[in-house]
Amino acid sequence: MSERLTRVYRAAALALTAAALVACSTTQATGRPKAQSAASRSATSADALSQRSPDDIFVQLREAARANDAPRATALAAMLTDYDVPSYVRYFQIKSRMFDRSGKALIDTPDDDIRAFLRTYDGQAIADRMRNDWLLVLGKRHDWQTFDAEYPKFVLDDDTQVKCYAMMSRAARGENVTQAATDLLTTPKYYGEGCVDMINTLAASGQLPRKEVWHQIRLAYEENYTSLGKQIADALGAVRPDDSLLDMAATRPAQILARGVDGTEASRQLALLAVVRMARSDAMLAASSFSSVAGSLSQDERAIGWGAIGMRGALSQNPMAISWYRQAGSAKLSNTAQEWKIRAALRAGDWNLVRTGIEAMPAALREDGVWTYWYGRALREAGQGDAARAQFQKIAMQTNFYGQLANEELGNKTSLPPRTTVTKAEIDANRANPGFQRAAKFYDLGLRFEGNREWNWELRNMTDRQLIAAAQYANSIELFDRAVNTADRTKAEHDFTLRYLMPFRSKVEPLAAAVDLDEAWAYGLIRQESRFIINARSSAGAGGLMQVMPATAKMVAKQIGMDYQPGMMHDIDTNIRLGTSYLSDIYNKFDGSAVLASAGYNAGPGRPRTWRSTLDRPVEGAIFAETIPFNETRTYVENVLSNTTYYSAVITGRPQSLKERLGVILPQ
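For the sequence shown, the positions run -29 to -1, 1 to 639 when mature numbering (1 follows the signal peptide of the UniProt record, and there is no 0) is used.
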């Protein structure tokens, strides 16, 4: 058995042990729990833990910290005085005291232990994680002096709540942060306490107009965070509607619209909230209902309502979406609504709306490679060839779906850059890297989140050669996902045989050939599905290299005559055979369309069949892919086919066309 497989099975065993420890209880012969006193239960639990290995206890400590169970975390940490990653033992112990059970920061968190931790582990990934947590505490406490001293040291700076607190600190110093705050507030999912606090504070000081507060409430309702929307509504002060009305708009929008609009700000805005919510379930009904109250709204308010309906129409691929969006004019819409305006225009072949819609986007959104590409296409359709080429040149060097398509618009196919080779000494130097050692430890324990954090932290300041050497090292110890992700970071010197790694080829090649499936496509899909993690499992229950769903495995096994048992899911041969057989089958059912088959593999064959049924004309594969309503499936299809094109270049040694693989999708 390889070192890699040994680690995989050990991690699985540790996970089972952890589950057993969580469920630990005394049971009678009947199988029913025996009544115990609290002291007896505590003694039993402690006795059970004392018989476990330090690794088992460490995994339990992590779970206690994740649950912010401070007493349990303290007790478990006391049993790990000599553990080989003391930084994490201490972090888990302290972190559990910084947040309550619901994950909210505790303002009375003592700072001395945190300061001591940061001094001891300065420069390590776990110190940056601790500083992130502390900044949430300091922000909630409004301790701006300490916050301002610590925030510049937060290396990753990837927490939206912390950024909101930073805005509050700037405002407290007298800065005007209105524009910066509105630019930041685009994704309610990440707001948390920090951004709600910022919205309320800026609204109270006059830096956030009431119009913007209502926009934020609509955004939360649009994204189905209605409880968050009600919290944001506190920033409205005296004109805040009662909770009963906000709840009615969220759950019974027809009743709000049936009440009509009485001319007050609250009444008009509640009508907009109601139409946002109604459109989520039925855009046509929302359009009809909104028409009855739209005359009582201002021009801007009407435009906002039609934009919300247009977005939901576009998501359901309703041909009326374009008409609804046109009624929205230049209204301020969410980023998501603006993106779907462009997608609806692409489906309809309205290149003028594609161009004007992208020009109206906020700068940060407009500069995304997706919209850079489609803007170039729209300019070319308008006869502005030189301007179009300038757009394509901006992203043509990017090694992703839209970078490849832009490169093809400039007359080039996807090809491999020269391969940079590194020495054995450069590769072996990574063995002594403490961060990589901690990562390997965590992978052994099945703790991928911590392992990836430690690994990625060490890559921050590496040169391209160092990244390639680190990727080679990861490959040598069969951490294939780290090899791929590390090689993916290079900017000027590359090794695409590491970016597009091909482990298990002795199995993939013949099994793909047996069902007449392109080997490059099989690898492109595996790279996206599991990054070659043998025991990968999704939240939906899919498992193995090709992330086969249990029901799909059972169905395919029956079709191909395989004697299959559920425990075989993570067997490499079995998983690849099931996955390639399934992909080949749906490819044939979709008339040889890699776009439709890839979408069907991810979302189930019924979904792309439905999306295809809404077409009234042939569309290029890139447009079909971009207008897939599910974010996950859209990204999946684009990544799989981008991967496939590169794998084909690796396998054949010749330039390849992504556009040819995408093809044209015909109505049916």
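Cβ coordinates follow ideal geometry from the N, Cα and C atoms, glycine included.
Keep in mind that this is a model prediction, so the values were computed, not measured.
Taking the alpha carbon of residue i as the point to measure from, which residue in the options has its own alpha carbon closest?
i: V232; options: V133, F261 and R419; result: F261
i: P600; options: F63, G284, I280 and S294; result: G284
i: Q355; options: N323, D119, A174 and D71; result: N323
i: S176; options: Q437, S215, A142 and A242; result: A142
i: A454; options: K462, L469, E464 and H465; result: L469
i: A358; options: G347, D435 and E429; result: G347
i: G550; options: A220, Y494 and D534; result: Y494
i: K630; options: V621, E609 and I622; result: E609
i: I293; options: A315, D55, P25 and A308; result: A315
i: G577; options: P25, V590, D587 and I557; result: I557
Is DSSP giving residue i helix, strand or coil here?
i: R181; result: helix
i: R508; result: strand
i: F503; result: coil
i: T599; result: Before going on, a small fix: residue 599 reads as Ile here, not Thr. Reduced to three states, the DSSP call for I599 is coil.
i: E236; result: helix
i: R211; result: coil
i: N323; result: helix
i: K160; result: helix
i: E121; result: helix
i: V133; result: helix
i: T1; result: Only weak support exists for where T1 lies, its pLDDT of 35 falling under 50; the coordinates are left without a value.
i: G276; result: helix
i: A302; result: coil
i: V455; result: helix
i: H186; result: helix
i: V621; result: helix
i: R605; result: helix
Hey, how far is the Cα of residue i from the Cα of residue j?
i: H186; j: Q298; result: 18 Å
i: P159; j: D82; result: 30 Å
i: P57; j: R409; result: 11 Å
i: V325; j: Q362; result: 14 Å
i: D489; j: L179; result: 55 Å
i: I203; j: T157; result: 14 Å
i: I170; j: W311; result: 27 Å
i: V519; j: V527; result: 10 Å
i: L243; j: Y196; result: 16 Å
i: G532; j: L554; result: 17 Å
i: residue 640; j: E603; result: Only positions -29 to 639 of the chain appear in the structure, and residue 640 is not among them; the question remains open.
i: A206; j: A120; result: 29 Å
i: G624; j: K384; result: 12 Å
i: L268; j: L216; result: 18 Å
i: A522; j: E449; result: 30 Å
i: E464; j: M433; result: 12 Å
i: A511; j: N573; result: 11 Å
i: Q437; j: T615; result: 26 Å
i: D435; j: Y344; result: 27 Å
i: A483; j: P474; result: 14 Å
i: N401; j: A524; result: 39 Å
i: G587; j: R605; result: Note that residue 587 is Asp in the sequence shown, not Gly. Roughly 20 Å between the two C-alpha positions.
i: T149; j: P333; result: 15 Å
i: I188; j: W582; result: 31 Å
i: E421; j: R33; result: 10 Å
Per DSSP, what are the beta-bridge partners of residue i in this structure?
i: I636; result: V590
i: T385; result: Q627
i: F70; result: A76
i: R390; result: H465
i: G514; result: R508 and V519
Check whether chain B comes within 8 Å of residue i, counting only Cβ atoms and requiring the distance to be less than that.
i: T80; result: Among the protein chains of the structure shown there is no chain B, as only one such chain exists.
Which residues in the same chain as residue i place their Cβ atom closer than 7 Å to its Cβ, once the five residues preceding and following it in sequence are excluded?
i: T45; result: Q64
i: residue 641; result: In the structure as shown, the chain begins at -29 and stops at 639. Residue 641 is therefore absent and cannot be evaluated.
i: A302; result: D271, A274, I275 and G278
i: K124; result: R102
i: N147; result: Q178
i: S238; result: V232
i: I280; result: V246, A250, A254, A257, A258, F261 and W295
For residue i, collect the residues of the same chain with a Cβ closer than 6 Å to its Cβ; drop the 5 residues on either side in sequence, then sort them by chain order.
i: W277; result: W295, Q298 and A299
i: N306; result: T157 and L336
i: P579; result: L567, A570 and G571
i: R390; result: D466
Which same chain residues, not among the five before or five after residue i, have their C-beta less than 8 Å away from its C-beta?
i: T131; result: L155, T158, Y161, Y162, G163, G165 and C166
i: S552; result: V486, V527, Q530 and I531
i: F503; result: F451, D452, V455, L472, P474, F475, I497 and L516
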